[in-house]
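Take the sequence shown: its letter number 273 is residue 273 in UniProt numbering, and every next letter is one higher. Reading through the structure tokens given below for one structure.
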Amino acid sequence: MAGGEDDGEINADTIKSMLEELREDWVDKGIEVVALSTGWRFQSRPEMKIYLERLNPEKPPKYSRATMETLAIIAYRQPVTRGDIEEIRGVTVNSQTVKMLEERGWIEAIGHRDVPGRPALFATTKQFLDDLGLTSLDQLPPLQQVARNDMQEGNLLELQALEASIEASAVLDAAAALEAEDAAADELQSEQMTEQMSQDEQDHIAADELPTAEPATEDSVVDAVMTENATAEDEEVAHPQIEPVASNETHTNDHASESDDEATPGRHNQHLNNEPT
1 MAGGEDDGEI NADTIKSMLE ELREDWVDKG IEVVALSTGW RFQSRPEMKI YLERLNPEKP
61 PKYSRATMET LAIIAYRQPV TRGDIEEIRG VTVNSQTVKM LEERGWIEAI GHRDVPGRPA
121 LFATTKQFLD DLGLTSLDQL PPLQQVARND MQEGNLLELQ ALEASIEASA VLDAAAALEA
181 EDAAADELQS EQMTEQMSQD EQDHIAADEL PTAEPATEDS VVDAVMTENA TAEDEEVAHP
241 QIEPVASNET HTNDHASESD DEATPGRHNQ HLNNEPT
């Protein structure tokens with residue numbers, strides 16, 4: 001370092017040594033100095049992430065599984081063509097997926113393969129390493145570890161799928177039981193309605209069979225009145241009424257009195273006994 005000062009120049013090793021000292025001094029601080037593929041960067045420590053998200057909440061972009069698989073193949077097998085990616089994944093690579101990774105600055109075309117059609121060769125960029133906090137591709141996790149993590153994730157996904165299947169089965173069973181109960185209730189209600197309709201029909205038929213009185217017309221009323229008057233006249237002719245006579249009634253009463261006197265025992269003798277001798 002002294003020799004550098006005497007020469008008036010600071011080389012890369014001197015700068016790197018100074019940055020290492022600064023990083024050691026900031027170990028207990030909320031900001032750290034990290035080495036990246038493009039140089040050094042001051043950044044907040046991971047422990048500060050929760051507090052920074054409260055100050056400036058933002059949702060990180062989500063990428064599809066196809067996008068992440070394409071990026072992983074390029075990172076571990078670079079340089080590769082779209083044909084290589086399709087051969088590994090077993091499906092066609094969407095052009096929008098490759099375009100999105102290029103716009104994000106994570107991959108770029110570094111040349112062309114010398115084959116018919118001269119397909120482009122894709123590789124990752126320094127921006128890709130910086131966003132991951134890496135200085136080189138050697139710091140990527142080994143494929144065996146990635147495969148192990150994928151296997152664990154696959155087991156977890158299978159377990160979650162099994163749990164979801166069990167829950168869905170329980171829901172379907174409950175729905176089937178409820179549907180059966182509703183069907184039984186509907187059938188019972190239908191039978192009751194059928195019985196009610198049958199009873200109503202029987203009552204209606206019985207009511208139709210009963211003799212119905214014809215409404216009295218004006219002519220029938222007149223005929224009934226004339227018949228009643230004629231009957232009354234015939235009865236008067238056959239049985240004339242005898243009007244009582246006042247004189248006869250008096251005579252009859254006297255005679256009845258005499259008859260009563262004669263009919264009463266001892267009454268006549270009593271009269272004779274009362275005469276003077």
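The C-beta atom is built at its ideal place from N, Cα and C for all residues, glycine as well.
Selected residue, minimal CA-CA separation from residue i, among the options
i	options	result
residue 282	A72, R113, R118	Lying before the first or after the last residue shown, residue 282 is absent from the chain, which here runs from 1 to 277.
P43	L132, I31, R54, I107	In the sequence on display, residue 43 carries Gln and not Pro. Out of L132, I31, R54, I107, I31 has the C-alpha closest to the C-alpha of Q43.
D131	S37, E20, L19, P57	S37
residue 307	K62, L52, R77	There is no way to answer for residue 307, as the model of the chain reaches only from 1 to 277.
R118	I88, V80, T135, E102	V80
S95	R113, G111, A120, P116	A120
L75	F122, M226, A180	Sequence check: residue 75 is Ala here, not Leu. Selected option, being the one with the closest Cα: F122.
residue 281	R65, N11, P46	Coverage of the chain is limited to positions 1 through 277, which leaves residue 281 absent and any answer about it impossible.
K59	K49, A66, S136, M68	K49
M68	R89, D13, V115, E181	R89
Residue i classed as buried or exposed, judged by whether at least 16 other C-beta atoms fall within 10 angstroms
i	result
D84	buried
L101	buried
T92	exposed
I110	exposed
residue 307	Residue coverage of the chain in this structure runs from 1 to 277, which leaves residue 307 outside it and unanswerable.
L129	buried
E9	exposed
N56	exposed
Limits of the beta strand (DSSP E) - the one that residue i falls within
i	result
L121	120 to 124
I10	Run containing I10: none; DSSP gives neither H nor E here.
V93	First-last for V93: undefined, no H or E at that position.
L36	31 to 36
CB-CB length for residue i against residue j, believed under 8 Å
i	j	result
W26	V34	That pair is no contact at about 11 Å.
W106	Q127	6 Å
T125	E103	With 8 Å as the limit, T125 and E103 do not qualify as a contact, their Cβ atoms being about 12 Å apart.
Bounding residues of the alpha helix (DSSP H) (the contiguous stretch that carries residue i)
i	result
S44	First-last for S44: 39 to 44, but that is the beta strand (DSSP E), not the alpha helix (DSSP H).
G83	82 to 89
E108	Per DSSP, E108 belongs to no alpha helix (DSSP H); it is in the beta strand (DSSP E), 107 to 112.
K49	49 to 55
T135	Segment: none, T135 is in no alpha helix (DSSP H) and carries neither H nor E.
Y76	65 to 77
Residue i: CB within 6 Å of a non-hydrogen atom of the ligand GDP
i	result
R113	The ligand GDP is not among the ligands present in this structure, which contains no ligands whatsoever.
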